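Under numbering that gives the first Met the number 0, the residues of the sequence shown are numbered 0 to 247, in order.
We put the CB at the ideal spot given by N, CA and C, even for glycine.
The structure displayed is predicted, hence computed values, not measured ones.
Quick notes on the structure that follows.
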Amino acid sequence: MMKKILVSQPQPTSEKSPYYDIEKEFGVQCVFRPFFKVEGLSAKEFRQQKVSILDHTAVVFTSRHAIDNFFNLAKEMRLTIPEDMKYFCVIETIALYIQKYVQYRKRKVFFGTTGKMQDLIPTMVKHKTEKYLVPQSSVHNDDIKEMLDAKKLQHTECVMYRTVSNDFSDDEKANFDYDMLIFFSPTGVNALLKNFPDFKQGDIKIGAFGPATSKTVRDLGLRLDFEAPSQEFPSMTSALKDYLKKHK
């Protein structure tokens, strides 16, 4: 019986979060507990990369962290982002988050439908004269760079934030009694095994958001019970709801 779900993200700021609806509908408890913290680079650290934000006409966002740290860095460096800057996001939920910083205009915000970078590329190719800036975490691979190179798009990758472990206290470790764990990044999955080196999955269900996260779960020898996004379930909450319905 599913009772307690650990969601490895910060607590939702809105009372209208779908997670709260899931709690009511299925009688479960969602505990929000990030496995890692994201720290933005300082302006001094960013400048060492010798990347000029204003030399670019479009920004590619793969996460909300990328959005937060892009605009925070611009503010710290006292840069005025041009009104005609375009934004390309891997999925609509990330695109809508831009409203926190700039007025949302459809003609300058574009997004994919699956959350996968390869599905955003065709839209970027339609704007092949743009100079793309790709903010990334300190932990990343060259997949995005290789995809953009293959399409001969002008682009610059840069690091704007880093992840640091948000270690569990002894009390948290002693009371780790979850029926399900939900991860949103490879870093979160790795942090689980850092905090619990002898972790045995047993009956604990695992859900993962994004192909890289799902791959990490499998690579570490854990069982992946469900994943998002997909055509049918674009969000983690929709995939979670479907899983709970099927396994009442």
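Beta carbon of residue i nearer than 7 angstroms to that of residue j
i           : j           : result
residue 160 : residue 136 : yes
residue 155 : residue 59  : no
residue 90  : residue 110 : yes
residue 74  : residue 57  : no
residue 7   : residue 187 : yes
residue 113 : residue 228 : yes
residue 35  : residue 165 : yes
residue 181 : residue 146 : no
residue 125 : residue 153 : no
residue 96  : residue 63  : yes
Residue burial classification, residue i (beta-carbon count within 10 angstroms, cutoff 16)
i           : result
residue 79  : exposed
residue 243 : buried
residue 184 : buried
residue 122 : exposed
residue 192 : exposed
residue 13  : exposed
residue 81  : exposed
residue 0   : exposed
residue 55  : buried
residue 128 : exposed
residue 134 : buried
Residues of its chain near residue i, where Cβ-Cβ distance is below 7 angstroms and the 5 sequence neighbours each way are ignored
i           : result
residue 10  : 31
residue 223 : 205, 207, 213, 216, 217
residue 221 : 200, 205
residue 240 : 21
residue 52  : 73, 78, 132
residue 118 : 111, 112
residue 251 : With the chain running from 0 to 247 in the structure shown, residue 251 is simply not present.
Proximal residues to residue i (C-beta, below 8 angstroms), its chain only, five neighbours per side dropped
i           : result
residue 177 : 3, 4, 5, 30, 203
Beta-carbon contacts of residue i that lie in its chain and below 6 angstroms, excluding the five residues immediately before and after
i           : result
residue 201 : none
residue 225 : 206, 238, 242
residue 144 : 156
Problem set entry | Residue ranges of each alpha helix (DSSP H) within the segment 148-196, 4 or longer | The qualifying runs are 169-173, 185-194.
For this session: For the segment 58-77 and the segment 33-49, state whether three or more C-beta atom pairs, one from each stretch, are separated by less than 8 angstroms.
Result: Segments in contact, yes.
Problem set entry | Uninterrupted alpha helix (DSSP H) stretches inside the segment 14-50 (no shorter than 4 residues) | DSSP runs (the alpha helix (DSSP H)) wholly in the segment 14-50: 17-25, 42-46.
Exercise. Where are the alpha helix (DSSP H) runs, 4 residues long or more, that stay fully inside the segment 65-140, in chain order?
Worked result: Within the segment 65-140, the complete alpha helix (DSSP H) runs of at least 4 residues are 91-96, 116-124.
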